[in-house]
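Participant:
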Amino acid sequence: MKKRVMISQCLGNIGNQLFCLFSGYYAAKKFSGNGYDIYFVQPEICKHNKPIKEFESFMFDNSLPKDVKYCRFDDKVTLKSNPNLFEHDCEMASTIYSPISTNNSNGVFVYGYRQNPNYWNNDVNFVRKYIKPINGIIEYIKEKYNNIDFSNSVCVNVRRGDYTRDLEKQALGLLGIQWFKNALDLTNKKNVIIVSDDIEWCKKNFDSSYTFVNEDSSKFNKVAIDFWIQTISKTNIIPNSTFSWWASYINETQNQRIIAPSIFFRSFPQSYGIYPANDKRYQFIDPIWTD
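Under the numbering used here, residues 732 to 1022 are what the sequence shown spells out, in order.
What follows is the structure, given as structure tokens:
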């Protein structure tokens, strides 16, 4: 019997790719068991983004789902080559849950970012099975930053980079320094760790007593360290970034707190849908955007 086909489009960078992967993978496994051939495809529009399998090589312990075929745009796995698939488009409202239909006898081609944990029924243990730290990195972090009591730490992720461009400022939103200071005021400000793609800006704007993660390790990639150090912190202060969303989401620290902006995307007030409903870990404060 011919298997149905699930093609899940892979968009953006690592945080967005994880949303795309697990939304499609959960739908295929939940409703049809092993009845699907599952493809995770990076379209040509995202050809300059590092594909998730490359991230796996330096971030994850070879733990991503093995029964998925990971493809790039030039592998020609497209809707055109699978014309009988049902098209499920989540593109326009990425944080609003739109259940993926699995009724088509041939299968489904899923578009869009799907930035909502309801796509895997908000089953955090389902995704934790596949997002495992690369061997030795947690031990390395604790030894490197042995001045930090991680059981009582505050990890702040500051997203800048492409968010500083005018278009992204208006569409996505760049959180200003005052928002982060307001978030820190909700903590004891002890064992504070700053993680950022612009650590020099952070050093100029945050208290110099904080610990700034600025890795030059030859053993582990900086992106991996920035991600996994967030997963072992007691309190996560996260911006509107899917990178830190994932790190805080899979964090298993006892009595963890997550402080986040009440609106995730500046131009889309309904973007709070990205947050798990009724998750008591979260505390929201209104964003203060930089123009």
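Think of the CB as a built atom: it goes at the ideal place given N, C-alpha and C, for glycine as much as any other residue.
Quick one, are the C-beta atoms of Val841 and Gly766 less than 8 angstroms apart?
Facilitator: No; because the gap between Cβ atoms is not below 8 angstroms, this pair is not in contact.
Participant: If you follow the beta strand (DSSP E) that Ala991 is in, where does it begin and where does it stop?
Facilitator: Unbroken beta strand (DSSP E) run through Ala991: 988-992.
Participant: Pull the bridge partners of Asn967 from the DSSP assignment, please.
Facilitator: Its beta-bridge partners are Cys886, Ile989.
Participant: By Cβ distance, which residues of its chain are closer than 6 angstroms to Arg859, with the 5 residues on each side in sequence left out?
Facilitator: Counting only Cβ-Cβ distances below 6 angstroms, and skipping sequence neighbours, we find Ile981.
Participant: Just the Cα atoms here: how many angstroms apart are Ile783 and Leu816?
Facilitator: Looking at the two C-alpha atoms, the distance is approximately 24 angstroms.
Participant: Please list the terminal residues of the continuous beta strand (DSSP E) segment that includes Lys800.
Facilitator: 799-802 is the extent of the beta strand (DSSP E) around Lys800.
Participant: In chain order, what are the residue ranges of uninterrupted beta strand (DSSP E) at least 3 long that sit wholly in the stretch 914-975?
Facilitator: Runs of the beta strand (DSSP E) inside the stretch 914-975: 923-927, 966-968.
Participant: Alpha carbon to alpha carbon, what distance is there between Asn1009 and Ser993?
Facilitator: Spanning the two alpha carbons is a distance of roughly 14 angstroms.
Participant: Which of the three DSSP states, helix, strand or coil, is assigned to Tyr767?
Facilitator: It is a strand residue.
Participant: Within its chain, find whatever has a CB closer than 6 angstroms to the CB of Lys761; leave out the 5 residues flanking it on each side and keep chain order.
Facilitator: Within the same chain, Lys761 has no close Cβ partners at all.
Participant: The alpha helix (DSSP H) with Glu874 in it runs from where to where?
Facilitator: Per DSSP, Glu874 belongs to the alpha helix (DSSP H) from 868-875.
Participant: Pro864 and Asp792: beta carbons closer than 8 angstroms?
Facilitator: Cβ atoms of Pro864 and Asp792: closer than 8 angstroms.
Participant: How should Leu795 be labelled, buried or exposed, when 16 other C-beta atoms within 10 angstroms of its C-beta is the threshold for buried?
Facilitator: It is buried - the Cβ of Leu795 has at least 16 other Cβ atoms within 10 Å.
Participant: Is it right to say Ile879 is buried, meaning 16 or more other beta carbons lie within 10 angstroms of its own, or is it exposed?
Facilitator: Buried, by the Cβ-count rule.
Participant: I need the straight-line Cα distance from Ile868 to Asn780, nearest angstrom please.
Facilitator: Roughly 24 angstroms separates the two Cα atoms.
Participant: Expressed to the nearest angstrom, what Euclidean distance is found between the alpha-carbon atoms of Phe958 and Met790?
Facilitator: Between Phe958 and Met790, the C-alpha separation is close to 8 angstroms.
Participant: Indicate the three-state DSSP secondary structure (helix, strand or coil) for Gln740 in the structure shown.
Facilitator: It is a strand residue.
Participant: Would you identify the three-state DSSP class for Ile1016, choosing helix, strand or coil?
Facilitator: Looking at Ile1016 - three-state DSSP - the assignment turns out to be strand.
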